[in-house]
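Respectively, the protein sequence lines represent chains A and B. So in the UniProt record's numbering, spot 359 of the first sequence is number 359, and the numbers just go up one at a time. So in the UniProt record's numbering, spot 83 of the second sequence is number 83, and the numbers just go up one at a time. From the three backbone atoms N, C-alpha and C, an ideal C-beta is built for every residue, glycine too. Quantities reported herein were computed from a predicted structural model and do not represent experimental measurements.
There are 2 protein chains.
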Amino acid sequence: MAHDDTSSQRDNSSVTLQDIAAHAGVSRSTVSLVLRESPLVAEHTRDKVRQSIKALGYVYNRGAAALRSSRTSTLGVVVYDIANPFFGAMVAGIDAALNREGYVSFLANSEDSCERQRRFLERMREHRVDGILLCPAEATDPGLIDTLADWRMPCIQVLRHVGHPPFDYAGTDFHLGVCQAMNHLVALGHERIAFLGGHAEHSATRERWHGYRESLSRHGLTYQRLLRATVTRRDGFDLIQRLMSETPPPSAVVCHNDLVAFGAILGLKRLGLEPGVDCAVIGTDDVEEAELGDPALTSVATHPYAIGEEAARLALRRIANPDGAREQVVLSPRLRVRQSCGAQPRQAAFPETPTPDRQQYTPA
Amino acid sequence: MAHDDTSSQRDNSSVTLQDIAAHAGVSRSTVSLVLRESPLVAEHTRDKVRQSIKALGYVYNRGAAALRSSRTSTLGVVVYDIANPFFGAMVAGIDAALNREGYVSFLANSEDSCERQRRFLERMREHRVDGILLCPAEATDPGLIDTLADWRMPCIQVLRHVGHPPFDYAGTDFHLGVCQAMNHLVALGHERIAFLGGHAEHSATRERWHGYRESLSRHGLTYQRLLRATVTRRDGFDLIQRLMSETPPPSAVVCHNDLVAFGAILGLKRLGLEPGVDCAVIGTDDVEEAELGDPALTSVATHPYAIGEEAARLALRRIANPDGAREQVVLSPRLRVRQSCGAQPRQAAFPETPTPDRQQYTPA
DNA sequence: ATTGTTTTTTGGATTGATCCAAATCTAGAA
DNA sequence: TTCTAGATTTGGATCAATCCAAAAAACAAT
Numbered sequence: 001m002a003h004d005d006t007s008s009q010r011d012n013s014s015v016t017l018q019d020i021a022a023h024a025g026v027s028r029s030t031v032s033l034v035l036r037e038s039p040l041v042a043e044h045t046r047d048k049v050r051q052s053i054k055a056l057g058y059v060y061n062r063g064a065a066a067l068r069s070s071r072t073s074t075l076g077v078v079v080y081d082i083a084n085p086f087f088g089a090m091v092a093g094i095d096a097a098l099n100r101e102g103y104v105s106f107l108a109n110s111e112d113s114c115e116r117q118r119r120f121l122e123r124m125r126e127h128r129v130d131g132i133l134l135c136p137a138e139a140t141d142p143g144l145i146d147t148l149a150d151w152r153m154p155c156i157q158v159l160r161h162v163g164h165p166p167f168d169y170a171g172t173d174f175h176l177g178v179c180q181a182m183n184h185l186v187a188l189g190h191e192r193i194a195f196l197g198g199h200a201e202h203s204a205t206r207e208r209w210h211g212y213r214e215s216l217s218r219h220g221l222t223y224q225r226l227l228r229a230t231v232t233r234r235d236g237f238d239l240i241q242r243l244m245s246e247t248p249p250p251s252a253v254v255c256h257n258d259l260v261a262f263g264a265i266l267g268l269k270r271l272g273l274e275p276g277v278d279c280a281v282i283g284t285d286d287v288e289e290a291e292l293g294d295p296a297l298t299s300v301a302t303h304p305y306a307i308g309e310e311a312a313r314l315a316l317r318r319i320a321n322p323d324g325a326r327e328q329v330v331l332s333p334r335l336r337v338r339q340s341c342g343a344q345p346r347q348a349a350f351p352e353t354p355t356p357d358r359q360q361y362t363p364a
Numbered sequence: 001m002a003h004d005d006t007s008s009q010r011d012n013s014s015v016t017l018q019d020i021a022a023h024a025g026v027s028r029s030t031v032s033l034v035l036r037e038s039p040l041v042a043e044h045t046r047d048k049v050r051q052s053i054k055a056l057g058y059v060y061n062r063g064a065a066a067l068r069s070s071r072t073s074t075l076g077v078v079v080y081d082i083a084n085p086f087f088g089a090m091v092a093g094i095d096a097a098l099n100r101e102g103y104v105s106f107l108a109n110s111e112d113s114c115e116r117q118r119r120f121l122e123r124m125r126e127h128r129v130d131g132i133l134l135c136p137a138e139a140t141d142p143g144l145i146d147t148l149a150d151w152r153m154p155c156i157q158v159l160r161h162v163g164h165p166p167f168d169y170a171g172t173d174f175h176l177g178v179c180q181a182m183n184h185l186v187a188l189g190h191e192r193i194a195f196l197g198g199h200a201e202h203s204a205t206r207e208r209w210h211g212y213r214e215s216l217s218r219h220g221l222t223y224q225r226l227l228r229a230t231v232t233r234r235d236g237f238d239l240i241q242r243l244m245s246e247t248p249p250p251s252a253v254v255c256h257n258d259l260v261a262f263g264a265i266l267g268l269k270r271l272g273l274e275p276g277v278d279c280a281v282i283g284t285d286d287v288e289e290a291e292l293g294d295p296a297l298t299s300v301a302t303h304p305y306a307i308g309e310e311a312a313r314l315a316l317r318r319i320a321n322p323d324g325a326r327e328q329v330v331l332s333p334r335l336r337v338r339q340s341c342g343a344q345p346r347q348a349a350f351p352e353t354p355t356p357d358r359q360q361y362t363p364a
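Okay, structure coming up:
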């Protein structure tokens, strides 16, 4: 039996400030001040109170504190696909940043459903969270952001944004990312480059498409194939097969995310073609699995962990200063060249970099 | 400007039960009963109150309610690696099950650090969560479970368990999973089968190892190689190379999880060997990426989404009935045969099953 | 000893709901 | 009409903290 009663408190944990106060021979208010590390309390008193707190096994009741002070030290986080490794990393970043400040977060998975998203946001309001990190579901009504503002609820949009500026936002420069991929392919001599995936419903897609079109015209390329679609592996698999049967077929494709790229690679193999040789493939996100494929996937690293950290920090800033100027934190992505774009020889080697996406990014 | 004042409430959201009561011409208590859908209230009164609630734009204050009722409709969830796709899926399952019951969850990532785990659990106690879903960090002191019991905090262990029965637990039958993999390999004619990865610090590893050893003796195999290690891709990569240089080398390996298996496949390629032909590889978890590899990874599916759902449901049951008999929900895993074990021809095809791990499991 | 500052401490009000025992209002029976 | 059982409704106490203005204590200067 592994535990013994180190602290000698009674059975139930209903020890309150009042009890501590009585035990230490001071008032409720003084104990409260000690708990909040107020400098008003004399050293000597502080010690006495601390001892009583320990002796009685007191547990701070944040609910009660929140009721009076209307600060819950709590945040709501909404993502649209927590099962996607990208969001796993992002949530880890959020968690790390919040943890440092004593905050905790509610997490919900909207599955890109506006209805689920709305329900969760309402629940968060009832829980009086101090703020919300929102990766808006596709087709989110731009008015939602105004509604949150009406609620006086600090809201940081992440990765995608809807509504009109100014709003708080943390994300990555998708436009730049696509340009990096395009530049690389052009430098390798490609002239027929297609873009796979995305709806037009949100900023993250528009930015990518804009980068694609702009790159085409900057390099004077006339071949243009932009295939709209959802962004699953299945889509990549189907789209690439359709595309390769056209005349002429593309010599390279840039994909909305790594999932689409994985699907595209599989599709090429199905056709008996060699990815990176018969058609170059570049993904977006650089999820950990990218380096494991065969061929390893060239991808635009979007640093989810860092985005999570930045978003959380921005939220804390906004909570501390609700009426401050809105901020947009846009990180710069970075192209990670591997085999699937044909630039490197195919050889199975374990990648050198330990955890590439934690530190290597540049705020724009 | 997308929003207009549909509901005509004033600027600030400090509408309380008192205000509703005044507006509807009833008492605070009655309004409270209406909000909680009590059958005590007359139909006619209920309608009147509902109208006032809508008219004034009232927002329920769960914090205040929790203070009096000591029910927060809130759960704490601790995982040790949220960036792992397995946990992404599991969290999605938890979220879905809780959402149906109006619960929300705090999520924290212990990163397998007992210190972080402890801090989070204490914070959850301060927030008065109704219960906790805990995937214990490695080397968690078994006394922790007793401590939580002292706190009278319902705690469901997930995936791993520490301490002595009885305790609440939701997970998968790792022992059976390894046996399935071993049986399959033996049926294919393998006689030299190694096991890669795992520490002895927790149940999930012990169960796997037990399955490995038991299978060996049941099939009368004398070759035995069980390599302890952490469970990253890097480990799989290193271990397989060490193993293949022995005389004789194994003809097949079963891996602690899919990450180790991915590493092993990469390691074999590095040696110029063909996974599935020169050495069969089987993973555990069947993460979505398993089917994408080349060769596609044969893996023991452990149904993370389903485990998450079951764990959450068990938690809700325990909260409703704190002194009921402890339960252990153990799902049966299922071997998904692909190319890496050499049983199927290598051919790139998009897998048929849409989302294999949501429904196909059997409670043991 | 008196006064004026500065440092600590304090009790009462407040936050917004729920709980509970008692009050009030039905409708049917005597 | 009166009584009573059952259905509704209610006000005061309570949950456990924070806020705030004012009191008390400590200290320095006159």
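Quick one: using the 10 Å Cβ neighbour count with 16 as the cut-off for buried, is residue i buried or exposed?
i	result
N321/A	exposed
S8/B	Its pLDDT being 38, under 50, S8/B is placed unreliably in this model, and the value from its coordinates should be taken loosely. The residue in question, S8/B, is exposed, as its Cβ has fewer than 16 Cβ neighbours within 10 Å.
E37/B	exposed
For residue i and residue j, what's the separation of their Cα atoms in angstroms?
i	j	result
S27/B	Q18/B	8 Å
L67/A	E115/A	29 Å
R206/B	L226/B	12 Å
D168/A	S332/A	17 Å
H210/A	C179/A	9 Å
C155/B	I145/B	8 Å
Y58/A	H44/A	20 Å
residue 379/B	G220/B	Residue 379/B is absent from the model: chain B starts at 1 and stops at 364.
A290/B	L259/B	9 Å
I193/A	G272/A	20 Å
Y80/A	A65/A	32 Å
P249/B	L243/B	6 Å
A149/B	I132/B	11 Å
Y60/A	E126/B	5 Å
D141/A	G263/B	44 Å
Based on the DSSP output, what are the partners of residue i in its beta bridges?
i	result
F106/A	G76/A and F106/B
S299/B	G283/B and R336/B
I145/A	Bridge partners of I145/A: none, in fact.
P275/A	C279/A
Q157/B	L134/B and Y169/B
R225/A	A194/A
C255/A	L196/A
Are the C-beta of residue i and some C-beta of chain B separated by less than 9 Å?
i	result
V104/A	yes
H161/A	no
R62/A	yes
I319/A	no
Y169/A	no
F195/A	no
Q344/A	no
P154/A	no
G189/A	no
P322/A	no
P165/A	no
For chain A, find out if any of its Cβ atoms is closer than 9 Å to the Cβ of residue i; answer yes or no.
i	result
E126/B	yes
D95/B	yes
I53/B	no
V31/B	no
Y305/B	yes
F174/B	no
I82/B	yes
G131/B	no
T72/B	yes
Verify the contact flag: residue i, CB atom, against every heavy atom of the ligand COA, threshold strictly below 8 Å.
i	result
R160/B	With respect to small molecules bound, the structure shown includes none, and the ligand COA cannot be examined in it.
Could you name the residues of the region 269-296 of chain B whose beta carbon sits closer than 8 Å to any beta carbon of chain A, in the order they occur along the chain?
-> K269, R270, E288, E289, L292, G293 and D294
Where the region 104-119 of chain B meets chain A: residues whose CB sits under 9 Å from a CB there = V104, S105, F106, L107, A108, N109, E111, R116 and R119
Chain B contacts from the region 244-264 of chain A (Cβ-Cβ distance under 8 Å) | F262 and G263
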